[in-house]
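Beneath this line is the structure, given in structure tokens, with notes to follow.
Residue numbers (my numbering): 4 to 458.
Here is the structure:
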């Protein structure tokens, strides 16, 4: 099956320099959602028809596998857009499915339904029934109930406007017929464009079997032409994701205040407080509790971990039974073994933290390896960067690091070592010993504080 995605529209009502199909919903450009839904549907490259903002769209998809482009310039309607894609289609694929780059939430389930129906039909239309069909093309049927045409809103008669079944713009057509049908289109309509929907009348006139399928949810086929519509569809999508989580047993303190901008997998007895954002691929194991206003991206949180409010977790792994936050930041490469306490205003980056180790206050740990059962005092810093290169700090098991310590990497603290508060450690601290590195305290007699000179 050929797959064509129409993505050439200007999106004037977006009032944005960004092409319409690159406007984000649920954390990804609309076009990316369509590409994800159609991935694997065809062995041939999917054809993205570009026009307005073509260079930006191509740049965004640079390196994407299984994608090729067709240019529509100027933009003269959907029929004209599909015609530009013809040279890129595989004629050996008997069917061609047309999707829309500004209809981002179409599901793979619906696409598979279209594909299955196409096995016994010449042409398949995806339609929906709307209480208020204003603005949509109407599906016209003959006296026997067969689809015979689609009429656009601007060209419809008052009687035709009463029809509630509407065209979504998504359809599956016979590849071999496209050249003939698209060449027969005319622009004699209210918008002066070549409508792809006019193909339906041509197909019906040839006696083709035209069938329809419908999606499980109307929002799957809602198009986006403005920031108002984009925001409304974002809320629809987020509410659908919240519903999925609730049905799976997740406790959401307020289902209206959660944002999932990727995939979120939850175990049993997970609880999520308000205003949390999940991006990329996130996995929450059994018994995880997420406090309010946390942002979590591409992370794995193990069983019975508690994230207190206002934590930022990205590219990190948190082991079982951890207590993180409030106001903790775990950056990419942070790997916590379990039973860890990471407290307020603590940042951990590209570091392994052993079982039971605690880092509770006002600390930066970067490019480090910390053993089990170690306590890191408040205000500790690993000085890992010399302005050009990064160096590692190694701290062993059962160490006690006093507050205000600075480790000038590369440096090693051996098992059981104690570091006195306020130390700057630049050499090995031996196992089981107390190491101090302080300037002797001195009081300067006769010194007076400067005062501001009078002018």
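By construction, the Cβ of each residue, glycine as well, lies at the ideal position given by its N, Cα and C atoms.
If you're wondering where the values come from, they're calculated on a predicted model, not measured in any experiment.
- Ranked by Cα distance from residue 169, the first of 183, 140, 111 is 140.
- Taking a cut-off of 8 Å for Cβ pairs, the region 258-278 and the region 28-38 touch, as three or more such pairs fall below it.
- When C-beta atoms of the region 147-164 are compared with those of the region 74-84, fewer than three pairs fall below 8 Å, so the two segments do not count as touching.
- Of the candidates 184, 433, 380, 230, the residue whose Cα lies closest to the Cα of residue 418 is 433.
- Of all alpha-carbon atoms in 111, 84, 66, the one lying nearest the alpha-carbon of residue 36 is that of 111.
- Going by DSSP, residue 230 is part of no beta strand (DSSP E) but of the alpha helix (DSSP H) stretching over 230-250.
- By the criterion of at least three beta-carbon pairs nearer than 8 Å, the region 366-385 is in contact with the region 344-351.
- Check the Cα spacing between residue 366 and each of 185, 124, 333: the tightest is with 333.
- In the three-state reduction of the DSSP assignment, residue 457 falls in the coil class, being assigned neither a helical nor a strand state.
- Straight across, the Cα-Cα distance linking residue 294 with residue 329 is about 9 Å.
- Within the region 105-154, the complete beta strand (DSSP E) runs of at least 3 residues fall at 126-132, 141-144, 150-154.
- If you draw a 10 Å sphere on the C-beta of residue 343, you find 16 or more other C-beta atoms in it, and that means buried.
- According to the DSSP assignment, residue 226 belongs to no alpha helix (DSSP H), since it is labelled neither H nor E.
- If you look at residue 62, you'll find it in the alpha helix (DSSP H) that goes 57-63.
- As the crow flies, the alpha-carbon of residue 393 is around 53 Å from that of residue 218.
- Annotation: the region 309-391 contains the following complete segments of the beta strand (DSSP E) (minimum length 3 residues), in chain order: 315-317, 344-352, 361-369, 371-373, 384-386.
- Below 8 Å, enough C-beta pairs join the region 394-411 and the region 368-375 to call them touching: three or more.
- Boundaries of the alpha helix (DSSP H) harbouring residue 180: 178-186, taken from the DSSP string.
- By the Cβ rule, the region 120-133 does not count as touching the region 250-262, because fewer than three pairs are nearer than 8 Å.
- Under the 10 Å beta carbon count, residue 16 is surrounded by fewer than 16 other beta carbons and is classified as exposed.
- Nearest C-alpha to residue 425 among 441, 386, 166, 325: 441.
- Here residue 105 is buried, its C-beta having at least 16 other C-beta atoms within 10 Å.
- Under DSSP, no beta-bridge partner is assigned to residue 212.
- At a Cβ-Cβ threshold of 7 Å, residue 409 and residue 384 count as neighbours.
- One Cα belongs to residue 258, the other to residue 216, and the distance between them is close to 31 Å.
- Around the C-beta of residue 109, 16 or more other C-beta atoms lie within 10 Å, and the residue is accordingly described as buried.
- If you ignore the 5 residues before and after residue 407, its C-beta comes within less than 6 Å of the C-beta of 382, 424, 425, all in its own chain and listed in chain order.
- A residue is called buried once 16 or more other Cβ atoms fall within 10 Å of its Cβ, and residue 447, having fewer, is exposed.
- Taking a C-beta distance under 7 Å as the contact criterion, residue 48 and residue 69 qualify as a contact pair.
- In the three-state reduction of the DSSP assignment, residue 199 falls in the coil class, being assigned neither a helical nor a strand state.
- By the Cβ neighbour-count rule, residue 237 is buried, with 16 or more other Cβ atoms within 10 Å of its own.
- Shown here, residue 82 sits in a helix according to DSSP, grouped into three states.
- In terms of CA proximity to residue 299, 335 leads the group 289, 335, 233.
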